[in-house]
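Protein chains in written order, with the working numbering: chain A, 4 to 623; chain B, 8 to 94.
Ideal Cβ placement from N, Cα and C applies to all residues, glycine included.
Notes follow the structure.
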Amino acid sequence: MAGLRLRGVAGSPGVALGPAFVFAPAARAAGGGAEAEVQASAAPEAEVARWLEARARLEAAYDRLVERAREAAGRGAAGAAAAEEGLAILEAQRMMVDDPGLEQAVREAVAAGKRAEAATREAVDRYAALFAGLEDAYLRQRAEDVREIGEAMLRALAGEEPIPLADLPPGSILCAPELGAGALLALDREALAGLALGSGGPTSHVAILARSMGVPAVLGLGDFLDEVRQGARVAVDGEAGELWVEPAGEELERLARAERRARAEREELAGLAGQPAVTPDGLRVELVANIGGPGDVEPALEAGAEGVGLFRTEFLVTGRETLPGEAEQAEVYRRVLEAMGGRPVIFRTFDIGGDKPVPALHLPQEANPFLGYRAIRIGLDHPDLLRTQLRAVLRAAAEAAPGGKGGAAGRGGTGPAESPARIMLPMVATLEEVRRARRLLEEARGELVARGLFPEGLRVPLGIMVEVPAAALIARRLAREVDFFSIGSNDLIQYTLAADRTDERVAGLYQPFHPAVLRLIGLCGEAAEEAGIPCGICGEMGGDPRATALLLGLGVRELSMTAASLARVKREVRRTPLARARELARQALACATAAEVEELVRAFREGWTAAGAAGGADAP
Amino acid sequence: MMQEATVVIGQAEGLHARPAAEFVKLAHRFRSAVRLGLNGREADGKSIMAVMALGANHGAEVELRVEGEDAEEAFRALRAFLEGGGS
Chain A
4 MAGLRLRGVA
14 GSPGVALGPA
24 FVFAPAARAA
34 GGGAEAEVQA
44 SAAPEAEVAR
54 WLEARARLEA
64 AYDRLVERAR
74 EAAGRGAAGA
84 AAAEEGLAIL
94 EAQRMMVDDP
104 GLEQAVREAV
114 AAGKRAEAAT
124 REAVDRYAAL
134 FAGLEDAYLR
144 QRAEDVREIG
154 EAMLRALAGE
164 EPIPLADLPP
174 GSILCAPELG
184 AGALLALDRE
194 ALAGLALGSG
204 GPTSHVAILA
214 RSMGVPAVLG
224 LGDFLDEVRQ
234 GARVAVDGEA
244 GELWVEPAGE
254 ELERLARAER
264 RARAEREELA
274 GLAGQPAVTP
284 DGLRVELVAN
294 IGGPGDVEPA
304 LEAGAEGVGL
314 FRTEFLVTGR
324 ETLPGEAEQA
334 EVYRRVLEAM
344 GGRPVIFRTF
354 DIGGDKPVPA
364 LHLPQEANPF
374 LGYRAIRIGL
384 DHPDLLRTQL
394 RAVLRAAAEA
404 APGGKGGAAG
414 RGGTGPAESP
424 ARIMLPMVAT
434 LEEVRRARRL
444 LEEARGELVA
454 RGLFPEGLRV
464 PLGIMVEVPA
474 AALIARRLAR
484 EVDFFSIGSN
494 DLIQYTLAAD
504 RTDERVAGLY
514 QPFHPAVLRL
524 IGLCGEAAEE
534 AGIPCGICGE
544 MGGDPRATAL
554 LLGLGVRELS
564 MTAASLARVK
574 REVRRTPLAR
584 ARELARQALA
594 CATAAEVEEL
604 VRAFREGWTA
614 AGAAGGADAP
Chain B
8 MMQEATVVIG
18 QAEGLHARPA
28 AEFVKLAHRF
38 RSAVRLGLNG
48 READGKSIMA
58 VMALGANHGA
68 EVELRVEGED
78 AEEAFRALRA
88 FLEGGGS
């Protein structure tokens, strides 16, 4: 018996072997001595006191989780936005524990003769059913929060640790039906060797976080917990997207080798930190980082980022009741520019609306937010908002440029000095949008020059994100009027295939390697080369080493990604001759399906893996 | 004393998630009892689960009723919050 192999999806690369730590909140409901609970309780006062005592322990446990999540969000490590989201979830759960309605319902049930356990279950079921019946998708999901609290309360009543994940044994593979970003952040990172979840896809928050934490993960395993015993030896294969239960014999040896190799790889990658990103035939590629706030700068520099390819500025406005002014924004932007020490920083103007609400703007709810009022559309419709941000970036650029010295190697030759600050417009679909934004930028610049706040000779490039297929199709025309392109692959793929990657039923249609997507990227690369402007990419594809050769072959010269992906992509660049990348791209463009392209890429990269393995322990 | 009025939800996200949590936090600052009514259903304004389960969207007309010694002050603050003026 070689063990059981369960198929899921690859969530975060690497292989990890270890004891399963099964965290299955729902599994408890069936288990705990139902008979005793149904039995009438003799002393209602004692039952209420027991419940209140359990709640106090649960409150204390939640306080610790919230505190840890707050620290993680404050550190602003990679995935800071996810950390904020996770923190908000934990805080809301903390309030639910205290809910007077819950307490009231439990008291009433106890007074009617129920034991605390049964009373808790009844109250929780009632609230969960209430949420599950709501129209709003977000609120429907809150039913899960309520159930999670109910389970924690039952554990507390049973005298167990209310939130067992708080003390995960070292080296564990955490196996759970699902895990929120906040709960993942609250885990002891040292103890967590790998992650196996029933739900989630490669672009879910938990996958992004696992990658940034360097924890191998397999997601989307469905009802796999029936197959996993607490403490069983399991292996997470984050490359193949598989979970092995009690692997034995050859399989176990293979996985153990893979784990060793993954560890050796981590060490190899660490050794690349000081090396430049150059192909064997001499093409210099710019490897830069996506950041969500000043807190992300340090990890990005540590990982070897040569700049910031995407600064998501939305954190300044989302969830806020009042919008930040010019000075407040300028201060944040200046801090990032200074921390990057003259390396280029691309500021994306507020990419709001859709799934990123801004209370201060009172945006209406939309039936189809991704095709609606968002990003540059809002910016041009609220010119004051956009103008304020543009002025703030310009002021920061002026303040961070001692003596007007351009930090980046000036591409324009002997022209005016170029600032390391760049401005990028999200979701551009038409040329008019670029022209209107350019006018606003010139106005802002004129005002600042008149006020003596901006030096006449400093140039701040203006570029666009290419994420709407229409923009890619007119790339040649756009390239004449912008200073750079950056492909927003996540949205470009979503719009090209008309598939929402967060909808598990159609997530399979979200295909980065679909020839249609590659053609659109190729149009951008070609147009940029013709016009002599740089073409970058800042979506998930930029950080996927499987896509690196293709992207280089298609004309992309700047790859922006989370700090955690930089080393792997750099290794890929350093072993991919441009001539071969071009040939690969040409073949890929001629493919009919994403599967064909993936096969092509796999064959192309097999050479590396074989070469790498020959030097390692993998040789038979 | 008691104060009561129909208020149109101005919060862009509706009274969901974060705004619901903020509303409940605000309600807890006062001694008065706070009730919210929508479409014949009623919620305790100090219960996050009840407020969230009300599912009040942006633009919904909810009845806000505040009763207690600091009702006047509480009513003013809660009404301003619901209308979208922030807390």
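Minimum Cβ-Cβ distance from residue 91 of chain A to chain B less than 8 angstroms: Locating residue 91 of chain A in the first sequence gives position 88, where the first residue counts as 1. Yes, its Cβ sits closer than 8 angstroms to a Cβ of chain B.
Count the other C-beta atoms from every protein chain shown that fall within 10 angstroms of the C-beta of residue 498 of chain A, then say buried if there are 16 or more, exposed otherwise. As a working note, residue 498 of chain A is residue 495 in the first sequence. With 16 or more other CB atoms across the displayed protein chains lying within 10 angstroms of its CB, residue 498 of chain A is buried.
What's the C-alpha gap between residue 618 of chain A and residue 143 of chain A? In the first sequence, residue 618 of chain A corresponds to position 615, counting from 1. In the first sequence, residue 143 of chain A corresponds to position 140, counting from 1. Legend: pLDDT at residue 618 of chain A = 38, less than 50; position of this residue unreliable, no value from coordinates given.
Are the segment 285–292 of chain A and the segment 548–564 of chain A in contact at 8 angstroms, needing three or more beta carbon pairs? Contact between the segment 285–292 of chain A and the segment 548–564 of chain A is present, with at least three C-beta pairs closer than 8 angstroms.
Alpha-carbon to alpha-carbon, residue 317 of chain A and residue 79 of chain A: By one-based count along the first sequence, residue 79 of chain A stands at place 76. By one-based count along the first sequence, residue 317 of chain A stands at place 314. Residue placement at residue 79 of chain A is poorly supported in this model, since its pLDDT is 49, which falls under 50; the coordinates are not used for a value here.
Name, in chain order, the residues that DSSP records as bridge partners for residue 349 of chain A. Residue mapping note: residue 349 of chain A aligns to position 346 of the first sequence, counting from 1. Bridge pairing for residue 349 of chain A: A:425 [DSSP].
So the beta strand (DSSP E) residue 10 of chain B belongs to, where does it begin and stop? On the second sequence, residue 10 of chain B is found 3 positions in, with the first residue counted as 1. From DSSP, the beta strand (DSSP E) with residue 10 of chain B extends over 9–15.
Cβ-based burial, residue 168 of chain A [other Cβ within 10 Å; buried from 16]: Counting from 1 along the first sequence, the entry for residue 168 of chain A is found at position 165. Classification for residue 168 of chain A: buried.
Please determine if the segment 92–101 of chain A and the segment 54–66 of chain B are in contact, where contact requires at least 3 C-beta pairs separated by less than 8 angstroms. Segments in contact, yes.
Inside the segment 476–504 of chain A only - beta strand (DSSP E) runs reaching at least 3 residues: Counting only unbroken stretches of 3 or more residues, the beta strand (DSSP E) elements lying wholly within the segment 476–504 of chain A are 487–490, in sequence order.
By how many angstroms is the C-alpha of residue 8 of chain A removed from the C-alpha of residue 476 of chain A? The residue you call residue 476 of chain A lines up with position 473 of the first sequence. The residue you call residue 8 of chain A lines up with position 5 of the first sequence. Linking residue 476 of chain A to residue 8 of chain A through their CA atoms gives a straight-line distance of about 44 angstroms.
Using a Cβ-Cβ cut-off of 8 angstroms (strictly less than) and excluding sequence neighbours within five positions of residue 438 of chain A, which residues of its own chain qualify? The residue given as residue 438 of chain A occupies position 435 in the first sequence. The residues are 484.
Could you check what DSSP says for residue 51 of chain A in three-state terms: helix, strand or coil? Here residue 51 of chain A refers to the residue found at position 48 of the first sequence. In the three-state reduction of the DSSP assignment, residue 51 of chain A falls in the helix class, which pools H, G and I.
Residues in the same chain with beta-carbon distance under 7 angstroms from residue 22 of chain B, minus the five sequence neighbours each way, listed in chain order, please. For the purposes of this step, residue 22 of chain B is identified with residue 15 of the second sequence, where counting begins at 1. Cβ neighbours of residue 22 of chain B beyond the five flanking positions: 16, 30, 58, 61, 63.
For residue 409 of chain A, three-class secondary structure by DSSP: Residue mapping note: residue 409 of chain A aligns to position 406 of the first sequence, counting from 1. Note on residue 409 of chain A: pLDDT 37, under 50, position unreliable in the model; the coordinate value appears next. Looking at residue 409 of chain A - three-state DSSP - the assignment turns out to be coil, as it is neither helix nor strand.
Where do the N-terminal and C-terminal ends of the alpha helix (DSSP H) with residue 577 of chain A fall, by residue? Taking the first residue of the first sequence as 1, we reach residue 577 of chain A at position 574. Note, residue 577 of chain A: alpha helix (DSSP H), 569–577.
Please name the residue in A:129, A:547, A:535 whose C-alpha comes closest to that of residue 573 of chain A. Looking up residue 573 of chain A in the first sequence gives position 570. Answer by Cα proximity: A:547.
Kindly say whether residue 59 of chain B, judged by its beta-carbon, lies nearer than 8 angstroms to any beta-carbon of chain A. Stepping through the second sequence from its first residue, residue 59 of chain B is reached at position 52. Chain A contact via Cβ: present.
Burial state of residue 262 of chain A, where buried means 16 or more other Cβ atoms lie within 10 Å: Counted from its first residue, the first sequence places residue 262 of chain A at position 259. With 16 or more Cβ atoms within 10 Å of its Cβ, residue 262 of chain A is classed as buried.
Looking at chain A, is there any beta carbon in it that lies within less than 8 angstroms of the beta carbon of residue 55 of chain B? Numbered from 1 along the second sequence, position 48 holds the residue referred to as residue 55 of chain B. Yes, because at least one Cβ of chain A sits closer than 8 angstroms to the Cβ of residue 55 of chain B.
State yes or no: is the beta carbon of residue 95 of chain A nearer than 8 angstroms to at least one beta carbon in chain B? Position 92 of the first sequence, counted from the start, is the residue given in the question as residue 95 of chain A. Chain B contact via Cβ: present.
Taking 8 angstroms as the CB-CB limit, is residue 47 of chain B close to chain A? The sequence position of residue 47 of chain B within the second sequence is 40, counting from 1. Chain A, which has no Cβ nearer than 8 angstroms to the Cβ of residue 47 of chain B, makes this no.
For residue 561 of chain A, which beta-bridge partners are listed by DSSP? For the purposes of this step, residue 561 of chain A is taken as the residue at position 558 of the first sequence. Bridge partners of residue 561 of chain A: A:289, A:539.
Tell me the DSSP secondary structure of residue 90 of chain B in three-state form. Taking the first residue of the second sequence as position 1, residue 90 of chain B is located at position 83. In the structure shown, residue 90 of chain B adopts helical secondary structure according to DSSP, grouped into three states.
Simplified DSSP assignment, three categories, for residue 67 of chain B: The sequence position of residue 67 of chain B within the second sequence is 60, counting from 1. In the structure shown, the three-state DSSP call for residue 67 of chain B is coil.
When the Cα atoms are used, what is the spatial distance from residue 159 of chain A to residue 105 of chain A? Translated into the one-based positions of the first sequence, residue 159 of chain A becomes position 156. Translated into the one-based positions of the first sequence, residue 105 of chain A becomes position 102. Spanning the alpha carbons of residue 159 of chain A and residue 105 of chain A requires a straight line of approximately 16 angstroms.
Label residue 303 of chain A either buried or exposed according to how many other C-beta atoms from any shown protein chain fall within 10 Å of its C-beta, with 16 as the threshold for buried. Here residue 303 of chain A refers to the residue found at position 300 when the first sequence is read from its first residue. Buried: at least 16 other Cβ atoms inside 10 Å.
Would you say residue 25 of chain B lies against chain A (beta-carbon separation less than 8 angstroms)? Counting from one through the second sequence, the residue named residue 25 of chain B turns up at place 18. So yes, residue 25 of chain B belongs to the interface.
For a quick check, are the C-beta atoms of residue 67 of chain B and residue 37 of chain B less than 8 angstroms apart? Against the second sequence, residue 67 of chain B aligns to sequence position 60. Against the second sequence, residue 37 of chain B aligns to sequence position 30. Not in contact: residue 67 of chain B and residue 37 of chain B (Cβ atoms no closer than 8 angstroms).
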